[in-house]
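**Q** Could you have a look at this structure, given as structure tokens, before my questions?
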Amino acid sequence: MRNKLKGISIVSIMTPVVIIAATMLTTSALIMTTGANPLNAYYYLLTGVFSNIIDTINRTIPIAFTAFAVALGLKAGLFNIGLESQFLMGALAGAATGAFITGVPAIVHVPLCLLVGMLSGMLYALPAAAMFVGKGANLLVLQLLFNSIGTLICTYFIAGPFAGENPSVAATPRIQATAQLPNLITGPNKLSISILFVMFTAFALWFYLNKTTSGYQLRTVGDNADAARYAGINVKKYHFGVLLVGGALAGLAGALDVTGNFYRMYGNYSPGYGFDGIPIAMLVNGNPLGMVIGAVIFGALRVGSVSMQTKAGVPVEIVKVIQGVLIMLISAQHFIRFLVGKYIKKGERNGKT
Amino acid sequence: MNQSILIIIIMSMMRLTVPIIIAALGNMYCLQAGIMNLGADGMMIAGAFGAALTTYFTGNVWLGVLVGVLAGGIIGSLHSLIYVEFGGMQNVSGLGLNILAAGITTFLCRAVFNSNMTPSVENMFTTPALAGVPVVGDLLMQFSPIFYIMIVLSFISWYVMAKTVTGLRIVAVGSDPRTTETAGINVWRLKHVCVITCGLMTGLAGAYLSLGQLDRFVEGMTSGKGMLAIIAVTIGRRKPLKTVAAALVFGFFDALQLQIQVKSGLNLPPELILSIPYVIAVLALLFGSSKSMDKVNLNPYVKSKYEF
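Those protein sequences? They're chains A and B, same order as listed. Under the numbering used here, residues 1 to 353 are what the first sequence spells out, in order. Under the numbering used here, residues 1001 to 1308 are what the second sequence spells out, in order.
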């Protein structure tokens, strides 16, 4: 019995390790095809991160929020890929509220921006959620469609009604000073209080999932929707709620990014934050602390890849390749787990005889 | 005047629909066999890059098309390996393939050409071989050879699904793999064949994008066309001819927005018109019946030797 327990825990630790090691190997092979030395490239990646620690943390914040939203969906048995456009909607609404409402004290203006951003993300998640829950339409197809539409809506508003003072740059005007989030650190780079929101949300998520009845019911829905239905749990209510709360989290992340980091919204705002959350949440199985660590790693990859391109000549698209390989391996994680388990069992048997 | 605009729109619709129809027919095999292929965009972009790269280095467009088709097939076989063979999560795998293929193609493009697009390569915009046909020769030669391949593929797909035993077996595997296996059919082999066929055809659609529509590869050139192909299959209820009809609707609005952008007399924002195909797809999902999807079993059918 003890051996079995021990075996299970070794497998659960070894599976992510194997996945990450395989990703590193594949990426290194690809870097080698360009003629660069992978170790050299990784060295510049790390130096790029450590010379821009604050920038890395700023990048981490939106990724952590999308990871939380994905994890909430996964716990309820849903795969949420609509966060990209919900994040953009939150950023757009936050930027507009921050720029066009004037003469309000900061104590009202900042929360107003965040609230409007949050509600916009939630509202944008509503149609797909309603069609999925009400009509049983394919959620993934719907969310990909709404992602495409959302990107177009943002492009329209940034170039049209919300265009900034400089017509040659596609960006909204700079938000009012009263709408800017207070900073914790101002030099060498600024770090706003949005990091506190991440910590609070991580704690709230852990508390909700593990310490409340509603959280327990939500996990039951995710584990076995039929059993949950027989036990009298309203499965549709949880699915609907998870999608809306996910939209609210993504929208809040967008508003925080605008009011705390860039102070305006510009074209092609998101480098794919909505998809960054997916591998992170899946790899650590929705553990809040694990997701914060994963978000830091992904933020570091984004920051470090820039110095990797300039100094080692490795194109920044390597980040996409790393993510792609990681997601592919995660999708086969049950199989990898099976292989790892088989290998460990074999090792134990050989050790005994 | 009005008539000539109509002809221009119809011609441009025919050209713009080619990649959507080819990819949709490929994805039809996938969905019929119970596999949701969200990686269609990845297969398409791999095909586009493979075709443009090979044509640049060899100067032979047909060799380019062949490599493009094979590149799509490789991505397809990855999906097949993970989902059909290992029983992985197909939606996650498809999404990963999209990100991976988009990343690898742009990565290699930057590594080789130091830019996010290839230089101009030989193209196959027209079919000069058909110029000799009497009366309609001038019209026929204005289409790319891949356009004619598409017509042949549409006919073959209809024939396979409606008239052959293989078509029946594909439907059977998609709706009830266990019963089909009991009937002595190799479920996994058939599923592999369907996914890889889908990859090859979607790769061809990509090759059309970079050789038949444009004379180069550009980062992100598929712009969600793979997704539109999957939606066309859903709206067409996985029937070849209905799928082609649904794809033509998307092509029509693509052509329309291009005309409106060129004429710009209406002064509509381009984003509004660009979003029309997506809005139509949403409406189709809202008002269309989702019952036909219920017959497809989208759960992995795992080999018994991997007991987990």
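Beta carbons are placed, not taken as given, at the ideal position from N, Cα and C, and that holds for glycine.
Alpha carbon to alpha carbon, how far is A/PHE335 from B/ARG1238? Give it in angstroms, no decimals.
**A** Those two C-alpha atoms are separated by around 30 Å.
**Q** Find out if the Cβ-Cβ distance for the pair A/ALA295, A/GLY277 is shorter than 9 Å.
**A** yes
**Q** Do the CB positions of A/ASN58 and A/GLY260 come within less than 9 Å of each other?
**A** For A/ASN58 and A/GLY260, yes; Cβs fall inside 9 Å.
**Q** My guess is that A/LEU218 and A/PRO288 are in contact by the Cβ rule of under 8 Å, so how many angstroms apart are they, rounded?
**A** That belief does not hold up - the Cβ atoms of A/LEU218 and A/PRO288 are roughly 15 Å apart, past 8 Å.
**Q** In chain order, what residues of the segment 1174–1194 of chain B put their CB closer than 9 Å to some CB of chain D?
**A** You won't find chain D in this structure, because its protein chains are A and B.
**Q** Take B/LEU1241 and list the residues in its own chain whose beta-carbon comes closer than 7 Å to its own, dropping the five residues that flank it on each side.
**A** TRP1158
**Q** DSSP three-state label for B/SER1004, please.
**A** The three-state reading of DSSP puts B/SER1004 in helix, counting H, G and I together.
**Q** Using the Cα positions of A/ILE233 and B/ALA1046, report the straight-line distance between them to the nearest angstrom.
**A** 45 Å
**Q** Using three-state DSSP, classify A/TYR266 as helix, strand or coil.
**A** strand
**Q** Between which residues of its own chain and B/GLY1050 is the CB-CB distance below 6 Å, once the five residues before and five after are set aside?
**A** VAL1067, GLY1068, ALA1071
**Q** Would B/ILE1230 pass as a contact of B/PHE1250 if the rule is Cβ separation under 9 Å?
**A** no
**Q** Between the beta-carbon of B/GLY1184 and the beta-carbon of B/LEU1097, is there less than 9 Å?
**A** no
**Q** Taking any Cβ of chain A, which residues in the segment 1265–1285 of chain B have a Cβ under 8 Å from it, in chain order?
**A** Correct list: PRO1269, GLU1271, LEU1272, LEU1274, SER1275, TYR1278, VAL1279, ALA1281, VAL1282, LEU1285.
**Q** For B/ASP1309, I'd like the list of residues in its chain whose CB is within less than 7 Å of its CB, leaving aside the five on either flank, ordered along the chain.
**A** Examination of residue 1309 of chain B is not possible in this model, given that chain B is present from 1001 through 1308 alone.
**Q** Against A/GLN323, what residues of chain B qualify as contacts under a CB-to-CB distance less than 9 Å, listed in chain order?
**A** GLY1096, ILE1099, LEU1100, GLY1103
**Q** Tell me, please, whether the CB atom of B/TYR1056 is closer than 9 Å to any CB atom in chain A?
**A** no
**Q** Please report the distance separating the alpha-carbon of A/GLY286 from that of A/GLN333.
**A** 15 Å
**Q** First and last residue of the alpha helix (DSSP H) that includes B/LEU1130?
**A** Where B/LEU1130 is concerned, there is no enclosing alpha helix (DSSP H), given that its DSSP letter is neither H nor E.
**Q** Determine whether the Cβ of B/TYR1301 lies closer than 9 Å to any Cβ atom of chain A.
**A** no
**Q** Give the residues of chain A in contact with B/ARG1110, contact being defined as C-beta atoms less than 8 Å apart.
**A** PRO315, GLU317
**Q** Using the C-alpha atoms, what's the distance from A/PHE203 back to A/LYS211?
**A** 11 Å
**Q** Taking buried to mean at least 16 other C-beta atoms within 10 Å of its own C-beta, is B/TYR1083 buried or exposed?
**A** Counting Cβ neighbours within 10 Å, B/TYR1083 comes out buried, since at least 16 surround it.
**Q** Determine the DSSP secondary structure at B/MET1043, reduced to helix, strand or coil.
**A** Annotated three-state conformation of B/MET1043 is helix, per DSSP.
**Q** Would you decide whether A/GLY187 is buried or exposed? Buried here means 16 or more other CB atoms lie within 10 Å of its CB.
**A** exposed
**Q** Applying the criterion that 16 or more other CB atoms from any shown protein chain within 10 Å of the CB defines a buried residue, is A/ALA231 buried or exposed?
**A** The residue in question, A/ALA231, is exposed, as its Cβ has fewer than 16 Cβ neighbours within 10 Å.
**Q** In the segment 1235–1268 of chain B, which residues sit with their C-beta less than 9 Å from some C-beta in chain A, listed in chain order?
**A** Going along the segment 1235–1268 of chain B in chain order, one finds no residue with a Cβ nearer than 9 Å to chain A.
**Q** Of the residues that make up the segment 1203–1236 of chain B, which ones have a beta carbon closer than 8 Å to any beta carbon in chain A?
**A** GLY1224, MET1227, ILE1230, ILE1231, THR1234
**Q** Assuming contact is defined by CB atoms lying nearer than 9 Å, are B/VAL1282 and A/ILE193 in contact in what I supplied?
**A** no
**Q** In the DSSP assignment, the alpha helix (DSSP H) including A/ILE330 goes from what residue to what residue?
**A** 318–331
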